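Number of protein chains: 4
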Amino acid sequence: MNAPARFFSTLEPLRYVGRDSRDPFGFRWYDRDQIVLGKRMEDHLRFAVAYWHSFTWPGGDPFGGETFLRPWMHGSDEMDLARAKADVAFDMFRILDVPYFCFHDRDIAPEGKTLKESNANVRAIADIFAKKMESSKVKLLWGTANLFSHRRFMSGASTNPDPDVFAYSASQVKNVMEITHELGGENYVLWGGREGYETLLNTDLKRELDQMGRFLNLVVEHKYKIGFKGTILIEPKPQEPTKHQYDFDVSTVYGLLCRAGLEKEVKVNVEANHATLAGHSFEHEIAMAAALGIFGSIDMNKGDAQSGWDTDQFPTNVEDTALAMYEILRAGGYTTGGTNFDAKIRRQSIDPEDLILAHVAAMDVCAHALLVAADMLKDGALQQAVDDRYAGWNEPQNKAMLQPGTTLASIAARAEAENLDPQPRSGRQERLEALVGSYFR
Amino acid sequence: MNAPARFFSTLEPLRYVGRDSRDPFGFRWYDRDQIVLGKRMEDHLRFAVAYWHSFTWPGGDPFGGETFLRPWMHGSDEMDLARAKADVAFDMFRILDVPYFCFHDRDIAPEGKTLKESNANVRAIADIFAKKMESSKVKLLWGTANLFSHRRFMSGASTNPDPDVFAYSASQVKNVMEITHELGGENYVLWGGREGYETLLNTDLKRELDQMGRFLNLVVEHKYKIGFKGTILIEPKPQEPTKHQYDFDVSTVYGLLCRAGLEKEVKVNVEANHATLAGHSFEHEIAMAAALGIFGSIDMNKGDAQSGWDTDQFPTNVEDTALAMYEILRAGGYTTGGTNFDAKIRRQSIDPEDLILAHVAAMDVCAHALLVAADMLKDGALQQAVDDRYAGWNEPQNKAMLQPGTTLASIAARAEAENLDPQPRSGRQERLEALVGSYFR
Amino acid sequence: MNAPARFFSTLEPLRYVGRDSRDPFGFRWYDRDQIVLGKRMEDHLRFAVAYWHSFTWPGGDPFGGETFLRPWMHGSDEMDLARAKADVAFDMFRILDVPYFCFHDRDIAPEGKTLKESNANVRAIADIFAKKMESSKVKLLWGTANLFSHRRFMSGASTNPDPDVFAYSASQVKNVMEITHELGGENYVLWGGREGYETLLNTDLKRELDQMGRFLNLVVEHKYKIGFKGTILIEPKPQEPTKHQYDFDVSTVYGLLCRAGLEKEVKVNVEANHATLAGHSFEHEIAMAAALGIFGSIDMNKGDAQSGWDTDQFPTNVEDTALAMYEILRAGGYTTGGTNFDAKIRRQSIDPEDLILAHVAAMDVCAHALLVAADMLKDGALQQAVDDRYAGWNEPQNKAMLQPGTTLASIAARAEAENLDPQPRSGRQERLEALVGSYFR
Amino acid sequence: MNAPARFFSTLEPLRYVGRDSRDPFGFRWYDRDQIVLGKRMEDHLRFAVAYWHSFTWPGGDPFGGETFLRPWMHGSDEMDLARAKADVAFDMFRILDVPYFCFHDRDIAPEGKTLKESNANVRAIADIFAKKMESSKVKLLWGTANLFSHRRFMSGASTNPDPDVFAYSASQVKNVMEITHELGGENYVLWGGREGYETLLNTDLKRELDQMGRFLNLVVEHKYKIGFKGTILIEPKPQEPTKHQYDFDVSTVYGLLCRAGLEKEVKVNVEANHATLAGHSFEHEIAMAAALGIFGSIDMNKGDAQSGWDTDQFPTNVEDTALAMYEILRAGGYTTGGTNFDAKIRRQSIDPEDLILAHVAAMDVCAHALLVAADMLKDGALQQAVDDRYAGWNEPQNKAMLQPGTTLASIAARAEAENLDPQPRSGRQERLEALVGSYFR
Ligand SMILES: [Co+2]
Ligand SMILES: [Co+2]
Ligand SMILES: [Co+2]
Ligand SMILES: [Co+2]
Ligand SMILES: [Co+2]
Ligand SMILES: [Co+2]
Ligand SMILES: [Co+2]
Ligand SMILES: [Co+2]
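Dropping the structure here:
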């Protein structure tokens, strides 16, 4: 294996070069210290690199194998390879100068011969992380447990028909939660890749929902027990790998949380591509999470509009991204959350540079989008249009309809008595779309 | 106008003719009095004809106008036409010998010059219905208010930015609820065709969800006030006519109900085509509603697997329908609910006979599916396979994991101590699918 | 009816105001006389307004009726209304100062009592158009016959099982072709809204394809007979209103043309929303048409990424539009084609201003996109990357493989002899996407 | 490695047991020697097992690894493993008693160190096949080359920007074509898994279409050169693994063939799941291929109606399958084609029995569907309905419209002169669907 720190030819941390530069290895929009709405751009965006797509995916797809041939994926001592991978990863964090990263336990350390050994492997690499984090400024946005890749999870983790898998998952989650806590992670994420079904014919839906609710409660209790101050996040996804996933979308997760009594305890990590797979726009899912009081963090990526699976591509469209950023700003911005690039380069992008340049371009898309969204917010014309549209609800008799005391009968009586004949007013969609367009200059 | 009772050439009520008959005007599978799982087939299926598709849709689509040229749609006195329509409708109920029908207020009576007059028109036709129902055995499965066709509802009913539309809707709902109650209706349905948005840019999501939750509460309170013993049902649909509808699917409705404190008060009317548009199977939505304790009734139809809109076709596939029927039987069958044909003939099916034959064929598909589903249930092999799969959860230490007292830490400790290494077991999907196939004989 | 020319409050033709203006009634990007790649912007874009969406659609959808209440849609004398509509339409052309418009026969004139009278009605209004066109600079991009709205076409036009509908369609097409020719139209379009099927069960696919091929040949022959120099265009669409439309997408149309021997005679009018409904991107369909030598013109609009039907929205996304514009420029730009806004305002956009502002915003999106696309082309970096990627094919032995003389055996023999072991090279997708992003400044 | 012939517990060839049997290891519908429309059922259906899904897929998906742990996938000598796999495969052919199998070169033999060695490996295993085929009755339906799994094909095979990959592919195809010929294969298939693009930005569409057309011509010429009498087949698929695949659907392939001058030389292998992914029904694609004169063979499977990727599931729905079988029978049945199960068991179906039972159930679905389809054909009522619908076209003046001599003008003149006013007739869709349903007894 070649010295992994040399994996990337570009050794200096990348800088802001301004929008007229044509240097692909510089940021044209992402200027960390630029003040936007009273806050540094870096503190708004809170970028995170995802360990899995960038360092553990070999470039395979359902019809073909490895294309990347990463040096840290070929060798005999798996812990050695894991350490080499960590070197490359932290080298990339340094080059990109991102404030955060995220990981699954199985991304960073190999499965051991036993559960105990597997957990110990994760802890061993986490210790290396701790040292690397001391000497760099990168922080942990969130950790999570991979409860979907190994065949033991093929029928689910907490929702598995086999209770031993539930217990096994508990052990893995406890381990990563505690490591996340120790590394100063700001959130802990649960993604239920296999918490769903392939066929209803072999599935006891109610039982599985109960198991899942119970597991969530165990996790929340453990959070308090260990004093973890971060946020517990669920990442909704409608399907894939399963035919149906129980955390289908933000609204479904809200219902699951209510059912488990956890709607005040757990929030959501909204992924762009999962939003679109669920039949929503990304901004919809963020806005819905905010309206339901459960917005936490995002996985920034995009899907392919013509492909029916989770392509997890780097975002490229500033206009689409600006609408998402606007909803985040309207929701007050992130608290513990951040912008995690749950995005993978295409399997034909086999050069080390591709990995760097994909992140640079995506960070620029987000930075540009943030500036547009900030202008939208500052200008206030959009919000004003919304407020005007609902202004009638500020009148006392109309407010009263939403309060106890009025009844269907009393409202109906007034409607008939006053011979109400409400006249529609233009929804002005095209004007508002043009208004949004006007912030792109 | 020609005498509408003569609209259908087939004047005698249609009979069961047996599966070897080739008479399209007889039932090959639907044998009302056949006992299935201890109950008459008619009492299992509780078929209802939908007034709207069968009697108020002229055959138009977004690219073309009327094709049907129904006599009751052409004339100058709208109340006369409404009465003529009622004659034809009840004549079809008699010919099909269905136990139920369903309607929207605007299906049965024309809009008046004022809200009061509109409501009075509905009541006037309802009085005619009451008489017709006395002299026939047809009953009302449910009534509902049309809060989507008129331009006043273009931006929503209860979720309208204009509070007068909220009040207007309240009046209309109160009227139909009371009429439904008086006609002995067994349910009252809310379908939120316009309760959603076209663009987030002009929408205050939280405010609209609050308005909708409040409206639901007003409806439930009114139910108790008037002593209506039926069920309040919401019919989920993901979109169309709006880009996003707030009652997206069963799981979303469950969340909305929790948010409004109504998860014990309101149930769902699951439509097959709405299930598929939301990215689910019909049986999924029924099973999910049952698991969440909110299953009420169904709108039986099917979508076109290659079309992205609500085609509302009559069901034709016994195998698909049997999976839905099996979930209904597993959920204990209908209480106040039923099998409403929210289905329309294709716009090229312009002969009166097409309307009759479409219902006959669909009733046969459901009856055949019921027989298969009943065999699946009686035989028990499917249920046994599911029970076996989860059998491990019956052991005390596993049951305990789902109960208070255990913690993530205690479960994790046991998993490590016992060195758990759960081995996957076959999900047997193909075997179970073959088993399902074996009930078709 | 109020004087229709007063329908729009904005009476002066709209001007370029520059991108820092906030005036919604001015163009921020569309500067007609700006020279782009050696040509006036107006001559690049060749904008056309579509008569149908803007002036004949009342705002209905499958779940609700008219919302717009246009004065020219309410009155007793249909020809009077048609003349009033023409006044409003040409007033809008004047205000927008667009160079082109497009129409269907039935958009501009009402159906008469007979086929002859219907055709005469169209001619009568066309005569008015001819005068209006003399005194304004607006020209006709294309005309077409509406062979889908009336119930006689419910089972198709040229593909109808009833040969009389084939003949009826021939008469309508002949009339509009000749009128298009006389008005100086630059293309004639065929859109086969009903040329498809609802169910294979009642369809003779081969026979219908033959009928369609024959009809196309009749049209092309007539073009030569009357000396029409414009282009005959087919507008592909996969479905809707039918379940399957025979002109599914560009590639399918190419096959149909080959089958009819017309691949050198007929081109395509590519619509953005039809591209996406067919599972393609807009730029794909344009690029494919260019590759197949049949690119003609475009219907500019966009679909809703989450809706499964033809929403025909005004374009709002510059980045998406720029990719389409780039393919048009790469194909050499339009010859007889143009940018027709086959787009309709949302049914809640009921103010006259909405219609104007939607066009203004869309024209700006296209103008901005053109500038970006022109930069992409001028800079040449994208094209260079493509050329580099295929550079190996310029070597003689590789060129030879594509020429007669080489055989599978000879190529195979060389591959083995030279022990070929081709090494993959990065596809550089993210780098190229970032490069595209760099042209947005 | 355990003796692979013992892999399946069921050692005796499976027999027809009749539809009242509950034995899952017997055929309830597939009765090889039953005469259907004058031909043995086996000769109608011509079942083939696919080597790849059954014997080379380890059960992985994009989110998880191997689940099956097949003994022939774990070992050090790859040729030994390939021989062991062949033993298991032919043992399964024996147990299922299927007449055919299909394979890719890379399914049956491992990649060697050089192209020559790779080809030699395939030939070595093919020699083993030849012996096994002598002592059993199983035949080869078709062979094909895997030009998509290895990273060298990541950017295409014949459409690769690197001409060496074109040459490499030629060598591989030549080898498998000749082996297919020697083994008595009845067809040779080309599936262009990577013949498409991930992004237009790096793609020269016209050049790639030209390369593909040239490659097809080389293949057809080689067919004649070696005297292969079988059929060359292309298997359309819209996308996956690529974003866009050039052989999108049957109609697209027809256009490609015309462009290459091969529409009389090459036919299509239609896969059910590829049809649905392309936005069509399976029966549509078969019927379209028949109408275009290019129907060859089928890959029988089904997709999941709610999943957007190629799930390749075993067929389970007799009604859907019967519609496909009906189109095959209408097209005259197979000549060199057959019913290849391009289907894989779910990754949770890890027992050897699952593989057997999935095939048994699928063969029964097809056999049942064939019986229904044969009844549909024999009865003739469906065909009669279609013929009646188009009967008007048999009249001389109507036939004449489709012949040279008539012109648009002459037809139009007659339409006006005769004052044609065609009246629509019912499309009778629901009646025909009910008629189809009546053949299920
Ligand atoms: Co994610
Ligand atoms: Co994802
Ligand atoms: Co419904
Ligand atoms: Co519906
Ligand atoms: Co169009
Ligand atoms: Co369109
Ligand atoms: Co296949
Ligand atoms: Co497939």
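Order-wise, the sequence lines are chains H, F, U and G.
Be aware that the first sequence starts at 992, since it is given in my numbering, and climbs by one per residue.
Be aware that the second sequence starts at 992, since it is given in my numbering, and climbs by one per residue.
Be aware that the third sequence starts at 992, since it is given in my numbering, and climbs by one per residue.
Be aware that the fourth sequence starts at 992, since it is given in my numbering, and climbs by one per residue.
No residue lacks a Cβ here, since even glycine has one placed at the ideal position from N, Cα and C.
Computed from a predicted structure; not experimentally measured.
| Distance between beta carbons of Y1179/H and T1171/H, contact taken as under 8 Å | 5 Å
| query | Closest Cβ-Cβ distance between E1262/U and chain F: below 8 Å? | reply | no
| Which class does D1290/F belong to by DSSP, given the choice of helix, strand or coil? | strand
| said: Check whether the region 1198–1205 of chain H and the region 1309–1329 of chain F are in contact - that is, three or more C-beta pairs closer than 8 Å. | reply: no
| query | Three or more C-beta pairs closer than 8 Å, one from the region 1013–1024 of chain F and one from the region 1334–1351 of chain F: is that the case here? | reply | yes
| Distance cut-off 7 Å: N1385/H Cβ against heavy atoms of ligand 2 | no
| Per-residue DSSP class, three states only, for Y1179/U | strand
| message | Taking only three categories from DSSP, how would you classify W1048/U? | response | coil
| said: On a Cα-Cα basis, can you pick out the residue from P1152/F, F1059/F, D1071/F that is closest to A1382/H? | reply: P1152/F
| Any residue whose CB is nearer than 5 Å to a heavy atom belonging to ligand 3, listed in chain order | E1262/F, D1290/F, D1333/F
| request: Report the neighbours of I1336/H on chain U: residues whose CB is nearer than 8 Å to its CB, in chain order. | output: Q1420, E1421
| Going along chain F, which residues have a C-beta under 7 Å from K1197/H? | A1282
| task | Taking only the alpha-carbon atoms, compute the straight-line gap between S1429/U and F1092/H and give it to the nearest angstrom. | result | 27 Å
| request: Give the range of the beta strand (DSSP E) segment to which L1515/H is assigned. | output: Summary: the structure shown does not reach residue 1515/H, with chain H confined to residues 992 through 1432, and so no result is reported for it.
| query | Where do the N-terminal and C-terminal ends of the beta strand (DSSP E) with H1095/H fall, by residue? | reply | 1091–1095
| query | How many angstroms separate the CA atom of E1276/F from the CA atom of K1293/G? | reply | 22 Å
| field | E1310/G and E1256/F closer than 8 Å at C-beta | value | no
| Three-state secondary structure (DSSP) at I1341/U? | coil
| Does the Cβ-Cβ distance between Y1245/H and G1252/F come in under 8 Å? | no
| said: Between E1057/U and chain H, is the shortest Cβ-Cβ distance under 8 Å, so that the two count as touching? | reply: no
| said: Strictly under 8 Å for the Cβ-Cβ distance: is W1063/U near chain F by that measure? | reply: no
| request: With distances taken Cα to Cα, identify the nearest neighbour of A1073/U among D1096/U, G1056/U, P1101/U, D1088/U. | output: P1101/U
| query | Under 9 Å Cβ-Cβ, which residues of chain H neighbour P1053/G? | reply | G1051, D1052, P1053, E1231, P1232, W1300, D1301
| Can we count N1264/G as close to ligand 6, meaning its CB is less than 7 Å from some heavy atom? | no
| said: My parser needs the alpha helix (DSSP H) runs of 4 or more residues fully inside the region 1265–1342 of chain U; what are they? | reply: 1273–1283, 1309–1321
| query | Roughly how many whole angstroms lie between the Cα atoms of A1403/H and Q1025/H? | reply | 55 Å
| said: Just list the residues that DSSP pairs F1206/F with in beta bridges. | reply: None, per the DSSP bridge assignment.
| Inter-residue spacing [alpha-carbon to alpha-carbon] between R1185/F and Q1236/F | 7 Å
| message | Our contact map puts I1289/H next to N1260/H with C-beta atoms below 8 Å; I'd like the distance itself, whole angstroms only. | response | 7 Å
| query | When Cβ atoms are compared, which residues of the region 1139–1161 of chain G fall closer than 9 Å to chain H? | reply | F1139, S1140, H1141, R1142, F1144, M1145, S1146
| When DSSP builds the beta bridges, which residues end up paired with H1235/G? | Y1188/G
| L1181/H to G1134/H span [Cα, whole Å] | 9 Å
| Run of the alpha helix (DSSP H) containing F1038/G, from where it starts to where it stops | Counting along the chain, F1038/G falls outside any alpha helix (DSSP H), though it belongs to the beta strand (DSSP E) covering 1038–1041.
| task | Look up Y1007/G in the DSSP assignment and say whether it is helix, strand or coil. | result | strand
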